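Trainee:
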Amino acid sequence: MWSHVAMDEQSSGQLSAADREHLERCVALAQEALDAGDEPFGSILVDSGGKELFADRNQVSGGDRTQHPEFAIARWAAAHLSVEERVRATVYTSGEHCPMCAAAHASVGLGRIVVASSTAQLVSWRQEWGLDPGPVAPLPISVVAPGVEVAGPDPELSRRVRALQARAQGIAGTSDA
Ligand SMILES: [Zn+2]
Numbered sequence: 006m007w008s009h010v011a012m013d014e015q016s017s018g019q020l021s022a023a024d025r026e027h028l029e030r031c032v033a034l035a036q037e038a039l040d041a042g043d044e045p046f047g048s049i050l051v052d053s054g055g056k057e058l059f060a061d062r063n064q065v066s067g068g069d070r071t072q073h074p075e076f077a078i079a080r081w082a083a084a085h086l087s088v089e090e091r092v093r094a095t096v097y098t099s100g101e102h103c104p105m106c107a108a109a110h111a112s113v114g115l116g117r118i119v120v121a122s123s124t125a126q127l128v129s130w131r132q133e134w135g136l137d138p139g140p141v142a143p144l145p146i147s148v149v150a151p152g153v154e155v156a157g158p159d160p161e162l163s164r165r166v167r168a169l170q171a172r173a174q175g176i177a178g179t180s181d182a
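Going by this note's numbering, the first residue of the sequence shown is number 6, and it counts up by one from there.
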């Protein structure tokens, strides 16, 4: 019998070297967002041949709290890709889609999602840091969009995302936890 920890490891085992490379790019975009005063989230859209089609990062500092990269990807895909291309495309993201973005992803018929860190992780970090849960229920993609295949999180990359989230919240000394 596997423990929950073993199940998590199993889940990250679905990631290929190419998946990790795309996730590295997302974490770099999250870093860029944080450096610009936005929240540390970054995402890219990759076609079935492994080519990056579109990239974005969180841009909420202007006051529009819906400026999430995964939402921008869904809108870009709806405008630029055929139905078949969308199904075969993969969205990589530093942090699992929120319910708004998961709904957008499923509504435009996009394919697989690969996450560096999960919503469950973000919830546990925020609890640990004594932060309030925020206005939107932290539902996983699997609940909002049950037909979408999700892979991840990645243990090493999620530690880096945790450090970025800590920095965003002004939490010190958690970068190597
Ligand atoms: Zn979102």
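Every residue, glycine too, gets a C-beta built ideally from N, C-alpha and C. Quantities reported herein were computed from a predicted structural model and do not represent experimental measurements.
Need the endpoints of the beta strand (DSSP E) that Phe46 sits in, please.
Mentor: Neither: Phe46 is in no beta strand (DSSP E) and is coded neither H nor E.
Trainee: Give the straight-line distance between the Cα atoms of Pro143 and Pro158, rounded to the nearest whole angstrom.
Mentor: Going by the C-alpha atoms only, they are around 16 Å apart.
Trainee: How would you label His85, buried or exposed, when you count the other beta carbons within 10 angstroms and need 16 or more for buried?
Mentor: Exposed, because fewer than 16 other Cβ atoms sit within 10 Å of the Cβ of His85.
Trainee: If distances are taken between C-alpha atoms only, which option among Val113, Ala41, Ala107 comes closest to Val92?
Mentor: For the residues Val113, Ala41, Ala107, the minimum Cα distance to Val92 belongs to Val113.
Trainee: For Trp130, count the other beta carbons within 10 Å of its own beta carbon; 16 or more makes it buried, fewer makes it exposed. Which is it?
Mentor: Per the 10 Å Cβ criterion, buried.
Trainee: Below 8 Å on the Cβ atoms is my contact criterion, and I expect Ala168 with His110 to pass it. Report the Cβ-Cβ distance as a whole number of Å.
Mentor: 26 Å between Cβ atoms; not a contact.
Trainee: Quick check on Gly47: buried or exposed, where buried means 16 or more other Cβ atoms within 10 Å of its Cβ?
Mentor: Buried, since its Cβ has 16 or more Cβ neighbours within 10 Å.
Trainee: Does the Cβ-Cβ distance between Pro104 and Val141 come in under 8 Å?
Mentor: Taking 8 Å as the Cβ cut-off, Pro104 and Val141 qualify as a contacting pair.
Trainee: Would you tell me roughly how many angstroms separate the C-alpha atoms of Leu115 and Ala38, rounded to the nearest one?
Mentor: Cα to Cα, the separation comes out at about 24 Å.
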